[in-house]
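Below is one structure; the comments refer to it alone.
Residue numbers (my numbering), protein chains in the order written: chain A, 10 to 567; chain B, 3 to 688.
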């Protein structure tokens with residue numbers, strides 16, 4: 010009963026946050042998280058609308074705030090609201106701003122109500138909060154808010170709100186979204202107290218322990234069934250393909266998954282050293298979440314398992330090792346703002362490492378994502394719009410890969426074309442599946458998309474993405490998928506090929522930016538693919554006649 | 003003016019006949035004939051008329067709740083459907099919102115990818131483009147391409163076509179022209195356009211709605227035709243009408259054109275039946291609780307009427323659907339829900355169900371897993387001899403055996419395990435109710451729980467207890483409340499259009515034209531249905547938000563032309579919904595019109611009653627938790643039809659209806675009111 014009540018509270022928080030929010034990144038893309046934690050900062054529940062990469066890091070935010078408070082001898086007080094986005098104090102990365110409200114019951118701190126959300130612009134060097142791929146250190150990423158009481162014992166600090174308003178480019182959207190976050194935290198805190206009023210503090214505490222123990226038990230049970238041993242895989246980030254220094258390109262992610270009894274250690278030793286450009290990944294908030302979400306999505310796959318409550322109990326059986334100074338555990342002030350795609354490669358590499366022992370529960374290599382910040386300035390105001398292009402899954406045991414989806418450790422939504430064009434000087438000119446590019450396999454790799462957007466006015470844009478160099482690997486004899494690409498069509502001035510990451514560029518009205526997703530790897534020998542499935546793919550245009558012949562040996566289809 | 007409500011379910015077909023002139027009401031229930039549903043309807047109707055002393059030709063209207071479209075979606079058994087869409091956007095219905103339905107799953111299927119309504123081979127693209135903000139034509143429609151596409155679809159054996167163009171909600175002309183061409187090239191095919199169903203922005207959701215409509219259209223149309231002609235042959239003079247998800251009824255013709263409006267036809271009828279019963283007793287704030295064999299449907303009624311789902315939250319079978327629907331929340335908890343211990347040792351109930359076959363162990367048809375119904379039998383709340391008015395005997399030993407097996411695994415006693423099943427099921431239902439009330443700002447303690455369906459009255463008082471709901475109402479004929487609900491609704495049609503206008507620069511003339519145009523369209527539909535114009539009521543509203551927000555709140559307009567001052571109401575609504583209002587400008591997103599064609603509807607029922615002595619049919623041990631302990635208590639058994647009026651009886655008691663059973667736990671009282679309701683009240687607050 011208490012588990013259900015806790016979930017309902019988090020869902021209500023998410024519902025209110027999405028409805029009150031101003032920017033499409035929250036209200037349409039759902040790039041936010043809502044969580045209740047206990048007094049130790051352990052997660053008890055999450056809202057179902059949250060993307061895992063937002064709700065999962067919240068305990069890390071609270072631990073980071075506590076660490077900062079300890080350094081400064083601050084303490085939680087009733088009526089406080091804390092804003093936090095410091096990536097070396099538990100924040101997932103700088104744009105994901107956390108708001109935390111402590112929950113007191115009869116003068117005792119009994120928990121926290123917290124929300125995180127991706128904000129459009131927090132004062133980085135160029136407009137937007139993605140594609141800031143030229144930031145050379147954390148300071149260049151924009152505002153760093155480290156455990157700041159934006160409300161102190163019930164008093165709102167208007168000066169801090171003013172600093173926020175003065176330091177971001179789309180203040181109405183950003184501050185409106187932050188107000189929605191604060192409101193959602195307060196709703197959660199109020200409901201948490203009502204829950205305790207109803208059931209009593211001891212009962213709620215005991216039930217919380219039981220819930221975490223239960224989730225822990227469920228995960229350990231699955232781990233214990235795996236043979237002990239070490240399972241390894243490698244993956245590669247494009248990095249900065251146009252950089253003159255080779256140490257910025259083709260950055261390795263090395264994963265060794267050690268299974269011992271009911272515990273798993275994921276060791277990232279051998280992963281590329283950190284760089285002074287922002288694709289390093291916060292160890293707490295990105296790396297840990299990528300690993301944890303992936304392991305749970307495989308071991309406690311919600312498609313095949315009874316639902317398991319999402320809470321901090323699910324972390325207990327998992328340890329993570331990453332040497333300091335590598336891209337998966339950078340040293341301050343190394344920049345991290347563009348860490349998203351790297352996290353996806355960690356997730357994908359962990360999944361492939363487990364393939365030999367869990368062949369029927371993993372997929373081949375996943376196609377990575379791209380995020381574009383479109384922006385412009387007119388009538389004294391900035392507009393900023395973040396567009397997320399999906400990736401795709403590799404083939405899976407018994408099933409083709411999922412087409413055109415956010416992948417593994419995140420689960421945002423795209424923004425409707427009819428919303429984009431109604432609010433920004435942009436026109437979507439194509440959004441379709443990429444035929445014939447899924448990795449051939451007994452179970453074919455999923456298809457990504459081609460998404461082309463035309464600038465109707467002079468404007469600007471920047472991109473963070475990955476997957477234009479290394480194709481998503483195949484599995485068990487399946488072929489690799491296809492890398493993505495980025496093209497700028499300038500009409501009579503020709504087509505320009507761009508790298509998978511670039512900082513702010515100016516666009517002229519009429520320019521078209523075309524993003525091609527990487528497509529997932531194949532699973533199993535394509536010659537073993539069901540003949541009917543090959544034929545159906547051909548009829549639907551998912552594979553070409555040429556590919557049916559060469560990859561699938563479908564001579565009878567001549 | 004006798005009218006009949008017919009609710010065709012998977013197991014039973016329920017009837018209620020109401021004669022407004024005499025006030026007479028007759029009810030009837032026959033087994034369904036799923037292969038040819040019209041058979042049960044026609045034979046049942048004939049029997050009903052005979053019992054009422056009427057001829058079928060005397061019946062002036064038949065109102066129907068149907069699951070045919072719903073089943074087509076859930077079982078994915080529909081037409082070979084095609085789609086014609088804007089060039090460059092062939093796969094909108096496949097890509098969706100690029101979000102996976104489950105966060106934590108590698109092996110999941112995505113419904114619209116694994117089971118598309120239109121396969122990619124039947125998705126054709128044509129050159130055309132309409133652009134915002136006012137629906138200007140950027141690229142004219144290439145009519146030749148449409149013709150070619152239609153011919154290809156015809157050759158591919160496609161029977162139904164959805165025409166889906168971007169921004170058609172701003173300017174539907176291209177879609178309409180393309181649909182005309184398709185009809186020329188594909189005579190007899192079902193053709194729909196995305197804007198004609200519901201012209202609202204968000205292309206994935208609107209296109210999916212249109213393709214779903216094409217998918218279920220031919221089947222639904224044929225079904226409704228069959229029903230209508232069977233009634234015709236039977237000599238029924240009145241027209242067939244169908245309940246829509248919105249809680250309004252539509253003529254067969256309108257329903258067949260927009261079959262996606264029927265997906266919650268049955269559950270909507272249930273909520274309306276609950277609302278009607280509550281209104282008889284003067285209750286205006288209701289939680290309707292319709293629990294059957296496999297699932298329970300929950301709806302909310304307030305002074306403002308039945309709660310409607312927000313268009314962003316409406317899903318059927320895992321697919322989004324942009325049509326007006328009552329806010330029905332279904333959960334997998336019914337009498338047949340199975341109790342089990344999961345791998346982690348947690349005790350769970352449902353959503354897996356023993357269904358009608360084999361059914362609960364107590365049915366004696368070979369059910370080997372413990373269900374909710376078995377728990378009731380073990381606890382003495384279902385009497386093996388009086389189930390369904392004695393028409394079916396229950397096997398208590400079989401129920402005990404399966405619950406005992408579960409009890410052993412849990413290390414509990416038999417009775418504790420049985421009670422545990424009910425407690426878990428009740429708390430699942432309480433949670434669902436909480437999510438429809440507390441999360442939306444309603445305090446359940448201010449509501450009456452209206453319980454019906456085969457299992458609702460068994461659980462209602464204990465569910466109410468856990469939510470501190472003070473009162474439970476069990477309607478007359480609780481097993482066929484939905485059939486009654488069908489007789490309580492007016493004809494009601496909705497139409498809307500996305501307009502995107504900003505406070506301060508609203509083109510009031512254009513907006514008024516839009517509203518007038520929508521109203522005229524709906525008046526035309528009602529006229530076609532034969533509703534006299536003086537019986538038509540038009541309600542106009544605007545979906546508004548602060549500019550930049552993504553979700554809208556509905557502002558109802560007074561009569562007369564729109565003026566900008568009206569928008570100030572929005573601040574009040576926002577404050578009420580979210581606890582705050584802002585100074586930001588307001589954006590009008592959608593203009594909306596509802597037209598209601600009033601008709602005579604079900605009033606109150608004649609009520610039978612008897613004396614306490616007659617009603618008391620037995621007494622036995624029942625098990626209830628009292629002061630923290632599970633105890634055997636003397637439990638009185640009453641026959642519903644013989645209960646005296648307005649006499650309060652104390653629990654523990656069990657009341658046997660013809661088609662369901664009401665449990666009155668210790669601490670609760672029950673009385674029969676003069677409208678045929680049972681009113682259960684908690685404690686001394688009788």
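Virtual Cβ for every residue (Gly too), placed ideally from N, Cα, C. Please read all numbers here as calculations on a predicted model, not as lab measurements.
Taking C-beta atoms as the reference points, residue 107 of chain A and residue 67 of chain A count as a pair closer than 8 Å. Counting other Cβ atoms within 10 Å of its Cβ, residue 214 of chain B reaches 16 or more and is therefore classed as buried. Contact annotation for residue 300 of chain A against chain B: no contact, minimum CB-CB distance about 13 Å [criterion: below 9 Å]. Interface criterion not met: the Cβ of residue 215 of chain A is under 8 Å from no Cβ in chain B. Only residues of its own chain outside the window of five on either side were considered, and among them 637, 638, 640, 666, 672 have a CB closer than 7 Å to the CB of residue 655 of chain B, listed in chain order. Per the coordinates, the alpha-carbon of residue 44 of chain A lies some 11 Å from the alpha-carbon of residue 70 of chain A. The beta carbon of residue 499 of chain B is closer than 7 Å to those of 171, 201, 516, 520, 592, 593 in its chain, skipping five residues each way along the sequence. In this structure, residue 470 of chain B places its C-beta atom within 8 Å of the C-beta atom of residue 447 of chain B. The C-alpha of residue 453 of chain B is placed about 10 Å away from the C-alpha of residue 280 of chain B. Of the other Cβ atoms in all chains shown, fewer than 16 fall within 10 Å of the Cβ of residue 504 of chain A; this residue is therefore exposed. Residue burial annotation: residue 685 of chain B is exposed, with fewer than 16 other C-beta atoms found within 10 angstroms of its C-beta. Excluding sequence positions up to five before and after residue 96 of chain B, its CB lies within less than 8 Å of the CB of 114, 115, 118, 122, all in the same chain and listed in chain order.
Residue state for residue 69 of chain A is assigned as helix, using DSSP reduced to three classes. The C-alpha of residue 108 of chain B lies about 16 Å from the C-alpha of residue 365 of chain A.
For residue 20 of chain B, the enclosing beta strand (DSSP E) stretches over residues 14-21. Residues of the stretch 73-102 of chain B with a C-beta atom less than 9 Å from some C-beta of chain A are 89, 90, 91, 92, 93, 94, 96, 97, 98, 99, 100, 101, 102, listed in chain order. Within 10 angstroms of the beta-carbon of residue 136 of chain B lie fewer than 16 other beta-carbons, which makes it exposed. Between the stretch 39-55 of chain B and the stretch 184-199 of chain B there are fewer than three inter-stretch CB-CB distances shorter than 8 Å, so the stretches are not counted as touching.
A straight-line Cα-Cα distance of about 44 Å links residue 166 of chain A and residue 359 of chain A. Between the stretch 345-359 of chain A and the stretch 459-477 of chain A, the count of Cβ pairs shorter than 8 Å is three or higher; the stretches touch. In the structure shown, residue 229 of chain A adopts helical secondary structure according to DSSP, grouped into three states.
Secondary-structure assignment with DSSP links residue 74 of chain A through no beta bridge to anything. Within the same chain, and ignoring the five residues on either side of residue 225 of chain B in sequence, the residues whose Cβ sits closer than 6 Å to its Cβ are 70. Judged by beta-carbon spacing, residue 91 of chain A lies within the 8 Å limit of residue 157 of chain A, meaning their Cβ atoms are closer than that value.
Taking C-beta atoms under 8 Å as the contact rule, residue 345 of chain A and residue 255 of chain A fail to qualify, at a distance of about 22 Å. In the DSSP assignment, residue 559 of chain A falls within the unbroken alpha helix (DSSP H) covering 554-559.
Each of B:602, B:662, B:612 was checked against the Cα of residue 251 of chain B, and the nearest Cα belongs to B:602.
8 Å or more divides the Cβ of residue 346 of chain B from the Cβ of residue 51 of chain A. Residue 482 of chain A does not reach chain B, its nearest Cβ partner there being about 16 Å away, counting only Cβ pairs nearer than 7 Å.
For residue 155 of chain B, there is no enclosing beta strand (DSSP E); the enclosing alpha helix (DSSP H) covers residues 145-157. Cβ neighbours of residue 78 of chain B within its own chain (closer than 6 Å, five residues either side excluded): 117. Distance from the Cα of residue 273 of chain A is smallest, within the candidate group A:159, A:531, A:305, for A:305.
Between residue 584 of chain B and residue 121 of chain A, the alpha-carbon positions lie close to 27 Å from each other. The beta carbon of residue 115 of chain B falls within 8 Å of a beta carbon belonging to chain A, placing the residue at that interface. DSSP lists A:461, A:496 as the beta-bridge partner residues of residue 523 of chain A. Sequence-distant Cβ neighbours of residue 302 of chain A in its own chain, meaning closer than 8 Å and more than five residues away, are 61, 62, 65, 356, 417, 418.
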